[in-house]
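Engineer: Numbering (the working numbering), first residue to last: 380 to 703. Structure provided below as structure tokens; questions to follow.
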Ligand code: RI2
């Protein structure tokens, strides 16, 4: 158990750190890691009463929840695990929580596979796909298209400031996909050479807006102007149920040093110059009118119709079961 909270297992603290620092990143990977950490907490819990066990699991979920605010897959994962935490004894609670984590993680895998099959149908033999950031959901579509024997090429945006485009390029090259890497500012110049823009999502709002890596909205507007369809690959775990009741999605702001390291900042101005500001929002919002389709494991949807699926899947289950 940790120094900060004697009831939290160190693995929970470690996972929370890894998510916050983006050592573990990408909406699906974050959800998977958070669920796995809850399983460790459940397995290793020394609670001697059911109430104490539940308190520990809730505290662990709260610690994981506070790491990154935008990807809704994180609270959706925590909610899914905690609502499965039922039982009258510590042993029963432990067993059911662990088994809920196992089925959540298995479902995550299967959903990505099913989504990939749907998304692959949108890709034609010979297509050139432009990507932004690194999305395992988006890559699943390309992987299935390759499995279907289609030839796919990619224009990969490097994606400042953290350059997740490098991860995308590495994966695509492992699959032998020809890659042209470009700086983000070159996207408009290269769109006429692309047949599709294919991106992932961190959250999808009830009106069909797509919250994804900063730069997605500009790319989508440019793609519409150039007549290039935009596909968003997002498992239903990326649907943000709280937007059904009017909540907005919080956009994470990250440290300025991701954009401008301290030594480079010092070349521009004095370290305590308050009139020089570096902003680093990690995500932006693409309005539904710039998105052609949202591909999920349940099929593809026009963004405006996603609200129906959201109601069907989440209904009223939008509480915060991690609250004490
Ligand atoms: P998958 C990433 O965020 C990107 O914005 C990416 O599109 C999204 O998560 C979804 O990733 P970050 O964690 O779940 O790099 O499709 O900030 O892998």
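Note that CB positions come from ideal geometry on N, CA and C, so glycine has one too.
Label residue 626 either buried or exposed according to how many other C-beta atoms from any shown protein chain fall within 10 Å of its C-beta, with 16 as the threshold for buried.
Structural biologist: exposed
Engineer: Can you list, in chain order, the residues of its chain with a C-beta nearer than 7 Å to that of residue 707? Leave out the 5 residues immediately preceding and following it.
Structural biologist: Since the displayed the chain opens at 380 and closes at 703, residue 707 lies outside it and no answer follows.
Engineer: Within 6 Å: the Cβ of residue 512 and any heavy atom of the ligand RI2?
Structural biologist: At least one heavy atom of the ligand RI2 is nearer than 6 Å to the Cβ of residue 512, so yes.
Engineer: Quick one: give me the first and last residue of the alpha helix (DSSP H) that residue 597 is part of.
Structural biologist: 595-605
Engineer: With a cut-off of 8 Å, do at least 3 Cβ pairs link the region 639-658 to the region 462-476?
Structural biologist: no
Engineer: Could you check if residue 428 is buried or exposed, using at least 16 other CB atoms within 10 Å of its CB as the buried criterion?
Structural biologist: exposed
Engineer: Check residue 678 in the structure and name its three-state DSSP category.
Structural biologist: strand
Engineer: Counting along the chain, where does the beta strand (DSSP E) carrying residue 591 start and finish?
Structural biologist: 589-592
Engineer: Roughly how many angstroms separate the alpha carbons of residue 509 and residue 537, rounded to a whole number?
Structural biologist: 11 Å
Engineer: Hey, residue 494 and residue 516: beta-carbon distance below 7 Å or not?
Structural biologist: yes
Engineer: Can the beta-carbon of residue 449 be found less than 7 Å from the beta-carbon of residue 555?
Structural biologist: No.
Engineer: Touching or not, the region 571-589 and the region 546-554, by the rule of three or more beta carbon pairs under 8 Å?
Structural biologist: No, the region 571-589 is not in contact with the region 546-554.
Engineer: In chain order, what residues of the same chain have a beta carbon less than 7 Å from the beta carbon of residue 619, not counting five sequence neighbours either side?
Structural biologist: 451, 582, 583, 584 and 628
Engineer: Which residue from 447, 621 and 588 puts its Cα closest to that of residue 613?
Structural biologist: 588
Engineer: For residue 391, count neighbouring Cβ atoms within 10 angstroms of its own Cβ and tell me buried if that reaches 16, exposed if not.
Structural biologist: buried
Engineer: In the structure shown, what three-state DSSP assignment does residue 655 receive?
Structural biologist: coil
Engineer: Given 6 Å as the limit, tell me if residue 465 has its C-beta closer than that to any heavy atom belonging to the ligand RI2.
Structural biologist: Because no heavy atom of the ligand RI2 lies under 6 Å away, the Cβ of residue 465 does not count as near it: no.
Engineer: Per the contact definition of three or more C-beta pairs closer than 8 Å, is the region 558-571 in contact with the region 661-671?
Structural biologist: no
Engineer: What are the complete beta strand (DSSP E) segments, minimum 3 residues, inside the region 503-580?
Structural biologist: 507-510, 532-536, 558-561 and 575-578
Engineer: For residue 660, list the residues DSSP reports as bridge partners.
Structural biologist: 632
Engineer: Would you list the residues sitting across from residue 612 in a DSSP beta bridge?
Structural biologist: 674
Engineer: Check for me: the alpha helix (DSSP H) holding residue 403 runs from which residue to which?
Structural biologist: Here residue 403 belongs to no alpha helix (DSSP H), and DSSP marks it neither H nor E.
Engineer: Taking just the CA atoms, how far does residue 521 sit from residue 558?
Structural biologist: Their Cα atoms are separated by approximately 13 Å.
Engineer: Can you tell me whether residue 515 sits near the ligand RI2, meaning its C-beta is under 6 Å from at least one heavy atom of the ligand?
Structural biologist: Yes, the ligand RI2 has a heavy atom inside 6 Å of this Cβ.
Engineer: Going by the CB atoms, is the gap between residue 691 and residue 490 shorter than 7 Å?
Structural biologist: no
Engineer: Given the structure, does residue 581 come close to the ligand RI2, in the sense that its CB is under 6 Å from one of the ligand's heavy atoms?
Structural biologist: yes
Engineer: In terms of residues, what are the limits of the alpha helix (DSSP H) holding residue 617?
Structural biologist: Neither: residue 617 is in no alpha helix (DSSP H) and is coded neither H nor E.
Engineer: Could you tell me the alpha carbon to alpha carbon distance between residue 609 and residue 466, rounded to whole angstroms?
Structural biologist: 46 Å
Engineer: Whose C-alpha, out of 417, 604 and 422, is nearest the C-alpha of residue 461?
Structural biologist: 417
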